[in-house]
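Under our numbering, the first residue of the sequence shown carries the number 1267, and numbering increases by one thereafter. Cβ atoms here follow ideal geometry from the backbone N, Cα and C, with glycine treated the same way.
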Amino acid sequence: MATARKKGRGYEIRVSCGIDINGKRLGKSRIWIPEANMTTRQIEKELERQKVLFEEEVRNGVCPDSKIRFVDFSERWMKEYAKVNLTIKTYGRYKLYLKRINQAIGHLKLKDITPLQLNSFYRSLEADGVNQRKKYDEDGNLINSGKLAPKTILDHHRVISKILSTAVRWGLLEKNIAQRADPPKVPHREISYLNEEEVTKMIKLLDDEPIQYRTMIILLVYTGIRRGELCGLEWKDIDFKNQVMHVCRSSQYIGNKTITTKEPKTKSGIRHFSLSKTACHLLSEYKKWQIKQRFNVGDDWVENDRLFTTWNGEPIYPDTITDWFAKFIKRSDLPYVTLHSLRHTNATLMIAEGTDVCTVSRRLGHANTATTLNIYAHALKSKDKEAANTLDYVLNKYA
1267 MATARKKGRG
1277 YEIRVSCGID
1287 INGKRLGKSR
1297 IWIPEANMTT
1307 RQIEKELERQ
1317 KVLFEEEVRN
1327 GVCPDSKIRF
1337 VDFSERWMKE
1347 YAKVNLTIKT
1357 YGRYKLYLKR
1367 INQAIGHLKL
1377 KDITPLQLNS
1387 FYRSLEADGV
1397 NQRKKYDEDG
1407 NLINSGKLAP
1417 KTILDHHRVI
1427 SKILSTAVRW
1437 GLLEKNIAQR
1447 ADPPKVPHRE
1457 ISYLNEEEVT
1467 KMIKLLDDEP
1477 IQYRTMIILL
1487 VYTGIRRGEL
1497 CGLEWKDIDF
1507 KNQVMHVCRS
1517 SQYIGNKTIT
1527 TKEPKTKSGI
1537 RHFSLSKTAC
1547 HLLSEYKKWQ
1557 IKQRFNVGDD
1567 WVENDRLFTT
1577 WNGEPIYPDT
1587 ITDWFAKFIK
1597 RSDLPYVTLH
1607 SLRHTNATLM
1617 IAEGTDVCTV
1627 SRRLGHANTA
1637 TTLNIYAHAL
1647 KSKDKEAANT
1657 LDYVLNKYA
């Protein structure tokens, strides 16, 4: 039964929720302030109604916990939700973000957080020195003063919003206030890729490079798979007879010299598709080279089925190929592109040659074609113009 007592200008309504394991009484309370023009009789009647309503809310589990702080709930959220539902790499990134978040709003009660406080926090993340990993050029000159990128700040907002939305689902909050905040907008950035002439030049230049790197780069161009998927490939995934490749795992570096293997980014990431004769021939030559390497290393070779390994057979670190490719591009006189640009190159060339979007989307492992359409709008615009010209030709052919 809810109780009420006079407190200040209003009344404190309290509902008992039993006792905890230490014998401490638990309860929830709410302050109700009557309107100024209410009579004594009206106050008494409305107070009884408020008591009943509040007790119902508590019993149904929809009454928010008015005392829990953000830092306490975020710790619980990391244990009970994040650790169970997120990948190790994402969990580690959220842990880093929460260090900054809790310094700013951790002391606040969940119910007291406001959009203005969140906006102020986001603005503070734009200051110099927030990111301690400063960048320097080859001459030692500072080229990045430690500012966080807008996307990284937006990621902080998403973590806060996820935590608060979970608090709503768990009955600790009535609404997610982060939905009313104003995180920074991430500037649109055109994707980088190589055109047909540039990628042909790159493949020729790769003839003079070590066979392992040459195979990895050309395979990325021919298949469009992600870096982690490339590093996770095993020989049993390559069907030489039918010229088919299976993509069913991804290799990730999670720090502390540890590599973990997980399923691809999405369920649709588990896929198989045809390989060209050129790709199959290259893989066949590379396999012969790897067998020789294994023989030369002898007993130091670590047995596993991975295609791409370190000198002694252990899984290769994904950053190894990224770092090598950056140096290769720098000395090759090619336009600046990243390793991930090869995925964009693959998709752009397929679309330019008339491959339908559904096929492109499936080969890339996108969850739906909308993702493909959004990312590769630049390539589709040229096909749209081509389609208009084709239609113009057909309609005027017999005019």
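> Which partner residues of Y1519 appear in the DSSP bridge assignment?
Replying inline: In the DSSP secondary-structure assignment, Y1519 is bridged to I1525.
> For the alpha helix (DSSP H) that contains T1611, what are its first and last residues?
Replying inline: For T1611, the enclosing alpha helix (DSSP H) covers residues S1607 to A1618.
>> Give me the DSSP bridge partner(s) of P1581.
In response: DSSP lists T1575 as partners of P1581.
> Is it right to say A1268 is buried, meaning 16 or more other beta carbons lie within 10 angstroms of its own, or is it exposed?
Replying inline: Burial is judged here by how many other beta carbons sit within 10 angstroms of a residue's own beta carbon; A1268 has at least 16 and is buried.
> Where DSSP assigns a beta bridge to H1512, which residues make up the other side?
Replying inline: Bridge partners of H1512: H1538.
>> Tell me which residue opens and which closes the alpha helix (DSSP H) that R1307 is part of.
In response: It spans T1306 to R1325 - the alpha helix (DSSP H) in which R1307 sits, taken as one unbroken run.
> Do you know offhand how far K1596's Cα is from T1604's?
Replying inline: A direct Cα-Cα distance of roughly 11 Å separates K1596 from T1604.
>> Using a Cβ distance threshold of 8 Å, determine whether the stretch 1432–1439 contacts the stretch 1329–1349, with at least three qualifying pairs required.
In response: Three or more beta-carbon pairs drawn from the stretch 1432–1439 and the stretch 1329–1349 are found closer than 8 Å, and the two stretches are therefore classed as touching.
> Among residues of its own chain, excluding the 5 on either side of L1391, which ones have a beta-carbon nearer than 6 Å to its beta-carbon?
Replying inline: So the qualifying residues of the chain are L1414 and I1419.
> In whole angstroms, what is the alpha-carbon distance linking M1616 and I1367?
Replying inline: Near 43 Å, if we compare the C-alpha coordinates of I1367 and M1616.
> Should S1542 be labelled buried (16 or more other beta-carbon atoms within 10 Å of its own) or exposed?
Replying inline: So S1542 counts as exposed.
>> Which of the three DSSP states is assigned to S1458 in this structure?
In response: Coil, per DSSP.
> Which residue comes first and which comes last in the beta strand (DSSP E) that contains T1481?
Replying inline: Where T1481 is concerned, there is no enclosing beta strand (DSSP E), although the alpha helix (DSSP H) it sits in stretches over I1477 to T1489.
> Do you know whose CA, among Q1478, I1483, I1457 and K1593, lies nearest T1466's CA?
Replying inline: The candidate whose alpha carbon is nearest that of T1466 is I1483.
>> According to DSSP, simplified to helix, strand and coil, what is Y1277?
In response: In the displayed model, Y1277 falls within a strand according to three-state DSSP.
> With 16 as the cutoff for other CB atoms within 10 Å, does K1321 come out buried or exposed?
Replying inline: The question names Lys, yet the displayed sequence has Glu at residue 1321. Buried, since its Cβ has 16 or more Cβ neighbours within 10 Å.
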